[in-house]
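Position one of the sequence shown corresponds to residue 571 (our numbering), numbered consecutively onward.
Written below as structure tokens is the structure these notes are about.
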Amino acid sequence: MRVKYVFNEVLVGLWRNVTMTVAMIITMSVSLTMLGASALLYMQVNQMKDYYYGEIQVSIFLREDVTDAQRTAINQAIDSNPLVLNKTYETREQAYQKFLVLWRDSPDFIKSVGPDSLPESFRVKLKDPEKYKQFADQMQGMAGIQDIVDQRELLNKVFDIFNSIQVMALVVAGVMALAALLLVGNTIQVAAYSKRREVAVMKLVGASNWFIQSPFVLEAVVAGLVGSVLGFVALFVGKVVLLDGRLQALTNVLTPIPNGNVWLMLPLLAGVGAVVSAVTAWVTLRFYLRV
């Protein structure tokens, strides 16, 4: 009987303050969507680091006037170096053909670069990419080498941008979460005030604080769960429509987001939405509900 009464009061309370309930659900869903997006971005950045750092190559660009003897000496030094996993040699013609493919959408830029503008190079993959500095120091003084470039430097700049976007998403999620908490607290206050006489009667007949507060807390929990489901739907639709659809070309740079990671957000968002809503409602009632 008590359980039936509590659930009935929850439904009545949600319908009685339907406008504020809808506003609370929408605010909660937006904040949880941002939280889920930042969590997915965090997981994706780590996955991209594991993938790209494992594919890092050191580019050894040769001088225009490099001799056959110097090229052979560089090749032998790379082969005999214990830090090297494997290497490939790229001629000027091969570099130019790769350039044509990469910049095929910029014909004016292609016209400004001739077949002999790009240097020949060795592309070296190290057993441990962290030892780039040691490898570069060993090769730097050899005749015929123009420059040694580590792809990690470029990747670090790219990942710095992703990390900044991640922080921005977390900040926005935090601001929206604060708005959701204030709205939850305000909604619970209004609900408690509208039932202040019933609460007073229940206190007089000996009803426990848990029995009185449970309908209000469950109202907040229901709103939080509904908001988490809407937030998950927004994430999943965004992934399918944008990343798997219109922005699919980005998968040439970004590693694909597995559906499993997106489904993992459902219990995460539901747990966060329910717990945060319940704690906020309980704290609000502790300070507000006085009989």
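We put the CB at the ideal spot given by N, CA and C, even for glycine.
If you draw a straight line from the Cα of F806 to the Cα of L834, it comes to about 11 Å. When the Cα atoms are used, V792 and A844 turn out to be separated by approximately 7 Å. DSSP, reduced to helix, strand and coil, places L653 outside both helices and strands of the structure shown, so it counts as coil. A buried status is given to I595, since no fewer than 16 other beta-carbon atoms sit within 10 Å of its beta-carbon. Under DSSP, V742 takes part in no beta bridge, so it has no partner. For the pair A840 and S784, the CB atoms are not nearer than the 8 Å cut-off.
Closest in alpha carbon position to M604, among T757, R633, V803, N645, is V803. DSSP places K681 in no beta strand (DSSP E) but in the uninterrupted alpha helix (DSSP H) bounded by 677–681. Contact check for P685 and Y666: beta-carbon distance about 5 Å, within the 8 Å limit, so the pair qualifies. For V694, the enclosing beta strand (DSSP E) covers residues 691–696. Within the same chain, Cβ atoms closer than 6 Å to the Cβ of A747 are found at S601, the five residues on either side in sequence being excluded. F786 and V796 have their C-alpha atoms some 16 Å from each other. In chain order, K695 place their CB closer than 6 Å to the CB of N656, counting only its own chain and leaving out the 5 sequence neighbours on each side. Judged by their CB atoms, A749 and S608 are not nearer to each other than the 8 Å cut-off.
Uninterrupted beta strand (DSSP E) stretches at least 3 residues long and entirely within the segment 621–647 occur at 628–632, given in chain order. In the structure shown, I758 adopts helical secondary structure according to DSSP, grouped into three states. With fewer than 16 neighbouring CB atoms inside 10 Å of its own CB, F679 falls in the exposed class. The alpha-carbon separation between N733 and V742 amounts to approximately 14 Å.
The Cβ atoms of T854 and G755 lie closer than 8 Å to each other.
Secondary-structure assignment with DSSP links Y659 through a beta bridge to F692.
Around F669, the same chain offers V683, L688 as residues with beta carbons nearer than 7 Å, after the five sequence neighbours per side are excluded. Residue pairing of D720 in beta bridges, as defined by DSSP: V628.
Rounded to whole angstroms, the gap between the alpha carbons of I735 and S847 is 27 Å. Rounded to the nearest whole angstrom, the C-alpha separation of V810 and N726 is 28 Å. R693 is positioned such that its CB atom lies closer than 8 Å to that of E660. Here the alpha carbons of T757 and A790 stand approximately 9 Å from one another. Residue environment for I648: buried (at least 16 other C-beta atoms within 10 angstroms of its C-beta).
DSSP, read as helix, strand or coil, puts I827 in coil.
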